[in-house]
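Protein chains: 2
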Amino acid sequence: MKTTTLLLASVLMLLRAIAAEPLSSWKDTASKKAIVSFVGKVTKEGAADFVPVPERIAVFDNDGTLWAEQPMYFQALFVFDRVKALAPEHPEWKEKEPFASLLKGDMKGVEATGQKGLMEMPAVTHTGMSTEEFTKTVTDWIATAKHPKTGKLYTEMVYQPMLELTAYLRENGFKTFIVSGGGIEFMRPWTEKVYGIPPEQVVGSSGKLKLEMKEGKPVLIKLPEIDLIDDKEGKPVGIQQHIGRRPIMAFGNSDGDLQMLQWTTAGSGARFGLLVHHDDAEREWAYDRESHVGKLDKALDEAKAAGWTVVSMKSDWKEIFPPAKAE
Amino acid sequence: MKTTTLLLASVLMLLRAIAAEPLSSWKDTASKKAIVSFVGKVTKEGAADFVPVPERIAVFDNDGTLWAEQPMYFQALFVFDRVKALAPEHPEWKEKEPFASLLKGDMKGVEATGQKGLMEMPAVTHTGMSTEEFTKTVTDWIATAKHPKTGKLYTEMVYQPMLELTAYLRENGFKTFIVSGGGIEFMRPWTEKVYGIPPEQVVGSSGKLKLEMKEGKPVLIKLPEIDLIDDKEGKPVGIQQHIGRRPIMAFGNSDGDLQMLQWTTAGSGARFGLLVHHDDAEREWAYDRESHVGKLDKALDEAKAAGWTVVSMKSDWKEIFPPAKAE
Chain A
1 MKTTTLLLAS VLMLLRAIAA EPLSSWKDTA SKKAIVSFVG KVTKEGAADF VPVPERIAVF
61 DNDGTLWAEQ PMYFQALFVF DRVKALAPEH PEWKEKEPFA SLLKGDMKGV EATGQKGLME
121 MPAVTHTGMS TEEFTKTVTD WIATAKHPKT GKLYTEMVYQ PMLELTAYLR ENGFKTFIVS
181 GGGIEFMRPW TEKVYGIPPE QVVGSSGKLK LEMKEGKPVL IKLPEIDLID DKEGKPVGIQ
241 QHIGRRPIMA FGNSDGDLQM LQWTTAGSGA RFGLLVHHDD AEREWAYDRE SHVGKLDKAL
301 DEAKAAGWTV VSMKSDWKEI FPPAKAE
Chain B
328 MKTTTLLLAS VLMLLRAIAA EPLSSWKDTA SKKAIVSFVG KVTKEGAADF VPVPERIAVF
388 DNDGTLWAEQ PMYFQALFVF DRVKALAPEH PEWKEKEPFA SLLKGDMKGV EATGQKGLME
448 MPAVTHTGMS TEEFTKTVTD WIATAKHPKT GKLYTEMVYQ PMLELTAYLR ENGFKTFIVS
508 GGGIEFMRPW TEKVYGIPPE QVVGSSGKLK LEMKEGKPVL IKLPEIDLID DKEGKPVGIQ
568 QHIGRRPIMA FGNSDGDLQM LQWTTAGSGA RFGLLVHHDD AEREWAYDRE SHVGKLDKAL
628 DEAKAAGWTV VSMKSDWKEI FPPAKAE
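One line per chain: the protein sequences are A and B, in this order.
The first sequence: position 249 = 249 (our numbering), numbered continuously.
The second sequence: position 180 = 507 (our numbering), numbered continuously.
Here's what the structure looks like:
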């Protein structure tokens, strides 16, 4: 870059930073203050809690933390849509559970097939194809599928305050990672565009892969064998495998995130844990201790003892979802 | 940052870039020209081969590509040193192979125990402890252990031209990753300091981990179960699992890197593959098709057909190792 270009870029960057007030969808409550105060102290050179840029790692759960998860995980809705799309190639599914019930729209029948039945659907929809074929399927689905209740695209059901938070942390030298129980290959095709988080910073549940030659070209085939369930005790494992150092900030919303917050905040030096509490039945959904999706019970109890920030979606957030785009 | 600070930082950055001629340890031969020409075309906005910054992923093998690997992989020397250090706690090793032979310095005896015997040593030296304990052991060893032939620290046996190459690529918007058959936890403690590659950009062979509570604190225990052998067919798997997109440049030196180069260069658009050929017996070691470490045979044949760059250490590099530091 030439000197003038470089100087111009610097000035532009500066103007942009002044223009966009950070965390503008957050009300000026204790939650926002806790975030800003923490970021202030770890980024202040010479301060006791200063953390060098390479160690500023922040990890975010996805379902219920960055985007919604009701009436069920969006990836489950993807699985159901895929089963319906693939049904013409599988006439035998008309007689075989859990496919038969699903194709009739009988969700109680699907549930009745239990864990074993439910696991068959991810297997047939997520494995046996190349990683590139799967990526294309996800990309097509996420661009068009609509949420059954809101009618929005799923990528429009991300939380505006959390988008601002990830951007705010990056502006302060943080590297932001997703650490989700969701499928790693299901998230990667769209997280960069939607959250500004590139594929190499997405950690999720994963299956084994196998290299094969196909018409003289190498392809990676997705196998029906679990590699990692990136949930609960699996989250610190996923963090260590992918990131290799302990985050200093962790954001979650359910008991599936408990161990990630424990692992993060057990490190030495300044640490920050935060739980998003879904308590806004009007603008989103209200659920916690009794919910079958995103159950928040033990982690909510531990938050008090551990000094983690608990965000009330109702009281702490001005907006839930991003403003609708002009057509 | 205040405007003045920002401007000053920009000017300093610029001066530093002008001061340090890139790739100064590379002779002005075809290899250097191929690198510079490729980087030029993928970074030139508007050009047919332009690649946006987030997609500029470059992957480097470690043993034999970024640092030396003779007379055997340095991690094997670490294993031997650990067995010797742990021997006082294991009196039974005096009678048990392969430990007995190793402790007597009888390397032929060690080899005679075969694959099964050889695998026992990594198991006892790499598993059963927490990730943090292992990191400390590696950090202590790498800071003090000396190479049996050169008497140098192992981190002084990195290739100066490759250090310059990784830095040059980063200056051109690339993200540099290690993708090595070596242990991921063995590399991460020092790659940031030595290569400027942070732990989250290190992919390697790995074992399973398990979260346990120890005195009320979560720890990750290294289990004696293989998770991934990041070599040969395993390299594209490791790349997909960790990075989630296909690199555009790949650098290796042996048949263990063949599939990584195939996977990288089979992608669409501009792609670059490079092999480091160890042909300098005087300044380093000369070996290829017949070597028991870093065998380069099939990949050397394929390089011609595929148009990969083959670097001659003897003819292409002015220096091999970094200049000795003033004491």
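Ideal Cβ positions, reconstructed from N, Cα and C, are used throughout, including at glycine.
Start-to-end residues for the beta strand (DSSP E) that takes in residue i
{"i": "residue 569 (chain B)", "result": "Counting along the chain, residue 569 (chain B) falls outside any beta strand (DSSP E), though it belongs to the alpha helix (DSSP H) covering 561-569."}
{"i": "residue 146 (chain A)", "result": "Premise fails: residue 146 (chain A) is in no beta strand (DSSP E) and is neither H nor E."}
{"i": "residue 129 (chain A)", "result": "Run containing residue 129 (chain A): none; DSSP gives neither H nor E here."}
{"i": "residue 208 (chain A)", "result": "202-214"}
{"i": "residue 273 (chain A)", "result": "272-277"}
{"i": "residue 636 (chain B)", "result": "636-639"}
{"i": "residue 40 (chain A)", "result": "No beta strand (DSSP E) contains residue 40 (chain A), which is instead part of the alpha helix (DSSP H) from 30-43."}
Assigned exposure category for residue i - 16 Cβ within 10 Å defines buried
{"i": "residue 509 (chain B)", "result": "buried"}
{"i": "residue 616 (chain B)", "result": "exposed"}
{"i": "residue 106 (chain A)", "result": "exposed"}
{"i": "residue 53 (chain A)", "result": "exposed"}
{"i": "residue 525 (chain B)", "result": "buried"}
{"i": "residue 345 (chain B)", "result": "With a pLDDT of only 49 at residue 345 (chain B), under the threshold of 50, the placement of this residue in the model should not be trusted, and no figure is reported."}
{"i": "residue 396 (chain B)", "result": "buried"}
{"i": "residue 320 (chain A)", "result": "buried"}
{"i": "residue 204 (chain A)", "result": "buried"}
{"i": "residue 58 (chain A)", "result": "buried"}
{"i": "residue 1 (chain A)", "result": "In this prediction, residue 1 (chain A) has a pLDDT of 47, which is less than 50 and means its spatial position is unreliable; what the coordinates show is noted afterwards. Looking at its Cβ environment, which holds fewer than 16 other Cβ atoms inside 10 Å, residue 1 (chain A) is exposed."}
{"i": "residue 29 (chain A)", "result": "exposed"}
{"i": "residue 140 (chain A)", "result": "exposed"}
{"i": "residue 90 (chain A)", "result": "exposed"}
{"i": "residue 50 (chain A)", "result": "exposed"}
{"i": "residue 98 (chain A)", "result": "buried"}
{"i": "residue 568 (chain B)", "result": "buried"}
{"i": "residue 283 (chain A)", "result": "exposed"}
{"i": "residue 565 (chain B)", "result": "buried"}
Rounded Cβ spacing between residue i and residue j (contact assumed at less than 8 Å)
{"i": "residue 176 (chain A)", "j": "residue 201 (chain A)", "result": "7 Å"}
{"i": "residue 623 (chain B)", "j": "residue 601 (chain B)", "result": "Incorrect: roughly 13 Å between the Cβ atoms, too far for contact."}
{"i": "residue 314 (chain A)", "j": "residue 279 (chain A)", "result": "5 Å"}
{"i": "residue 571 (chain B)", "j": "residue 188 (chain A)", "result": "5 Å"}
{"i": "residue 414 (chain B)", "j": "residue 420 (chain B)", "result": "6 Å"}
{"i": "residue 583 (chain B)", "j": "residue 554 (chain B)", "result": "Contact doesn't hold; Cβ gap of about 18 Å is too wide."}
{"i": "residue 157 (chain A)", "j": "residue 67 (chain A)", "result": "5 Å"}
{"i": "residue 293 (chain A)", "j": "residue 72 (chain A)", "result": "6 Å"}
{"i": "residue 534 (chain B)", "j": "residue 552 (chain B)", "result": "6 Å"}
{"i": "residue 134 (chain A)", "j": "residue 102 (chain A)", "result": "The Cβ separation is near 20 Å, so there is no contact."}
Interface partners of residue i on chain A, CB under 7 Å
{"i": "residue 590 (chain B)", "result": "218"}
{"i": "residue 515 (chain B)", "result": "244"}
{"i": "residue 538 (chain B)", "result": "233, 236, 237 and 259"}
Residue of the options minimising C-alpha distance to residue i
{"i": "residue 233 (chain A)", "options": "B:611, B:546 and B:613", "result": "B:546"}
{"i": "residue 577 (chain B)", "options": "B:421, B:366, B:388 and B:352", "result": "B:388"}
{"i": "residue 344 (chain A)", "options": "A:299, A:65, A:144 and A:169", "result": "Absent from the model: residue 344 (chain A). The displayed extent of chain A is 1 to 327, so no value can be given."}
{"i": "residue 291 (chain A)", "options": "A:64, A:58, A:49 and A:23", "result": "A:64"}
{"i": "residue 490 (chain B)", "options": "B:637, B:590, B:353 and B:440", "result": "B:353"}
{"i": "residue 512 (chain B)", "options": "B:599, B:458, B:468 and B:541", "result": "B:458"}
{"i": "residue 500 (chain B)", "options": "B:366, B:566 and B:644", "result": "B:366"}
{"i": "residue 193 (chain A)", "options": "A:79, A:259, A:110 and A:143", "result": "A:143"}
{"i": "residue 540 (chain B)", "options": "A:112, A:120, A:241 and A:259", "result": "A:259"}
{"i": "residue 451 (chain B)", "options": "B:550, B:604 and B:430", "result": "B:550"}
{"i": "residue 263 (chain A)", "options": "A:247, A:108 and A:133", "result": "A:247"}
{"i": "residue 104 (chain A)", "options": "A:206, A:35, A:83 and A:122", "result": "A:83"}
{"i": "residue 216 (chain A)", "options": "B:569, B:592 and B:537", "result": "B:592"}
{"i": "residue 44 (chain A)", "options": "A:154, A:316 and A:270", "result": "A:270"}
{"i": "residue 651 (chain B)", "options": "B:486, B:599 and B:507", "result": "B:486"}
Residue i - containing alpha helix (DSSP H), residue span
{"i": "residue 60 (chain A)", "result": "Residue 60 (chain A) -> not in any alpha helix (DSSP H); beta strand (DSSP E) instead, spanning 57-60."}
{"i": "residue 107 (chain A)", "result": "107-112"}
{"i": "residue 164 (chain A)", "result": "160-171"}
{"i": "residue 677 (chain B)", "result": "It is not possible to answer for residue 677 (chain B), since the shown part of chain B is limited to 328 through 654."}
{"i": "residue 511 (chain B)", "result": "511-522"}
Contact list for residue i against chain B, beta-carbon separation under 8 Å
{"i": "residue 192 (chain A)", "result": "381"}
{"i": "residue 202 (chain A)", "result": "571"}
{"i": "residue 199 (chain A)", "result": "570, 571 and 572"}
Partner residues on chain A for residue i, Cβ-Cβ distance less than 8 Å
{"i": "residue 593 (chain B)", "result": "217 and 218"}
{"i": "residue 402 (chain B)", "result": "Residues of chain A passing the Cβ test: none, with the nearest at roughly 16 Å."}
{"i": "residue 567 (chain B)", "result": "131, 209 and 220"}
{"i": "residue 533 (chain B)", "result": "241"}
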